[in-house]
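Working notes, structure below.
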Amino acid sequence: KYLQDPQVSKECKDLMSTLPNDRGWVLPVMYNYQGFWHNTWHLQGVLSFQKHFQAQDTDIFLVTAPKSGTSWLKAISFAILNRTSYPISSGDHPLLKSNSHELVPFVEHTYADDPTPNFASTHPRLFSTHVSYVSLPESVHNSKCKIVYMCRNPKDLFVSAFHFTNKLRLEHMGVNTIEEMFDLFCKGVFLYGPYWDQVLGYWNESLQRPKDMLFLKYEEMKEQPGTEVRKLAEFYGCPFTPEEKEDGIVDAILRLCSFETLSNLDTNKSGTLTMTGMSNQAYFRRGEIGDWKNHLTVEMVEQLDKITEDKFHGSGLKF
Ligand code: A3P
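According to the UniProt record's numbering, the sequence shown is numbered sequentially starting from 10.
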């Protein structure tokens, strides 16, 4: 459905005919809307999200660029926020039965299929999105909702995206070469990219509103996971109690959400996502820092590092 026959409104079609376009990583074309790149289906979702979404001050948004460790952040956040209803060590925790993308769907994917979705009435509501800061609905900008943004080193993110999108391409589409995709990525033509602009939008906003926005890095989550999980629980307003800490809750969450646990579950080995039909397995590859060393040439590394340095210069953001 997402790859072959996205249903879009006349408004979306009319808009698309006016937008700059370039080649996509999976589909033939992507469109640039408000400075960021979208496939047809995603664009429909962003437009409906902007038009219809009503934020509540208690909402929580998990935001990432694709391939930044979104499914991991979703799993950890779901586990923290729902630990009273779903004790972490219970044998039938929802994360053992469903991919984290099912438990915390992308809000724009939901809107791509239904302009008036019924969101759960739980408080807080937990949403996720890849949408850039400027393109978030006005009601999100104007609310006090909490936003967690997790970014990832662009070299690893690019390599992850290269592998992922080749898995998504249907057989007749052929396989993309790393050189072609590298050129597109460096030009900024990447789903919800340019990568650097998306990161900077949230980084700058997090400096203005540190109480409402938490900025995380995939690399720090890998290197000091306990610290980051405690930080998240505090940010969500539900810090771990001394009893929970004594019972080892942080380690239990990390075990439940680890690459090893999640990637070996039946649901993630053989299941598909309801919304997109994509294979859950595609979301698990290596889950490591530094795999770019196995894929990028010296020239590619120099070029990407230079772009990153130039783009992030003066922002205080470093990789
Ligand atoms: P690699 O392709 O480098 O292995 P996203 O969830 O945003 O699509 O990101 C996917 C990346 O996160 C992939 O990176 C994937 O392997 C990694 N990943 C998935 N689950 C993870 C987990 N539980 N812990 C750490 N990394 C994980």
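A virtual CB, placed ideally from N, CA and C, is assigned to each residue, including glycine.
DSSP three-state label for residue i, please.
| i | result |
| --- | --- |
| residue 381 | With the chain covering 10 to 328 only, the question about residue 381 has no answer from this structure. |
| His-139 | coil |
| Ile-316 | helix |
| Arg-32 | strand |
| Phe-194 | helix |
| Ser-26 | coil |
| Val-310 | helix |
| Asn-185 | coil |
| Gln-16 | coil |
| Glu-297 | coil |
| Val-208 | helix |
| Asn-289 | helix |
| Leu-112 | helix |
List the DSSP bridge partners of residue i.
| i | result |
| --- | --- |
| Phe-328 | According to DSSP, which records beta bridges pairwise, Phe-328 is partnered with nothing at all. |
| Leu-200 | Trp-46 |
Taking just the CA atoms, how far does residue j sit from residue i?
| i | j | result |
| --- | --- | --- |
| Gly-54 | Gly-323 | 34 Å |
| Leu-24 | Val-143 | 18 Å |
| Tyr-211 | Cys-160 | 10 Å |
| Val-113 | Asn-91 | 12 Å |
| Asn-185 | Cys-195 | 15 Å |
| Val-259 | Thr-250 | 11 Å |
| Asn-30 | Gln-43 | 12 Å |
| Lys-231 | Ile-69 | 22 Å |
| Phe-128 | Val-307 | 47 Å |
| Thr-67 | Ile-85 | 19 Å |
| Ser-152 | Leu-56 | 19 Å |
| Leu-282 | Ser-288 | 6 Å |
| Asn-213 | Cys-154 | 17 Å |
| Ala-170 | Lys-176 | 10 Å |
| Asn-273 | Ser-109 | 14 Å |
| Leu-105 | Leu-305 | 35 Å |
| Val-116 | Thr-27 | 25 Å |
| Phe-136 | Pro-124 | 16 Å |
| Tyr-40 | Val-17 | 14 Å |
| Val-238 | Trp-46 | 31 Å |
| Met-284 | Gln-59 | 19 Å |
| Trp-301 | Lys-240 | 28 Å |
| Ala-291 | Val-208 | 24 Å |
Notebook entry, point to check: In the segment 37-105, which residue ranges form an unbroken alpha helix (DSSP H) of at least 4 residues, counting only runs that do not cross its ends?
Noted result: The qualifying runs are 49-61, 79-90.
Next item on the list: Kindly provide the ranges of any beta strand (DSSP E) runs that are 3 or more residues long and lie completely inside the segment 116-177, ordered along the chain.
Entry: Runs of the beta strand (DSSP E) inside the segment 116-177: 135-138, 155-160.
Notebook entry, point to check: What is the chain-ordered set of residues for which the beta carbon lies under 6 Å from any non-hydrogen atom of the ligand A3P?
Noted result: Those satisfying the condition are, in chain order, Thr-73, Pro-75, Lys-76, Ser-77, Gly-78, Thr-79, Ser-80, Trp-81, Asp-165, Ser-169, His-172, Cys-266, Ser-267, Phe-268, Leu-271, Tyr-292, Phe-293, Arg-294, Arg-295, Gly-296, Asp-300.
Notebook entry, point to check: Which runs of the beta strand (DSSP E) spanning at least 3 residues fall entirely within the segment 214-286, listed in chain order?
Noted result: Runs of the beta strand (DSSP E) lying entirely within the segment 214-286, each at least 3 residues long, are 222-226 in chain order.
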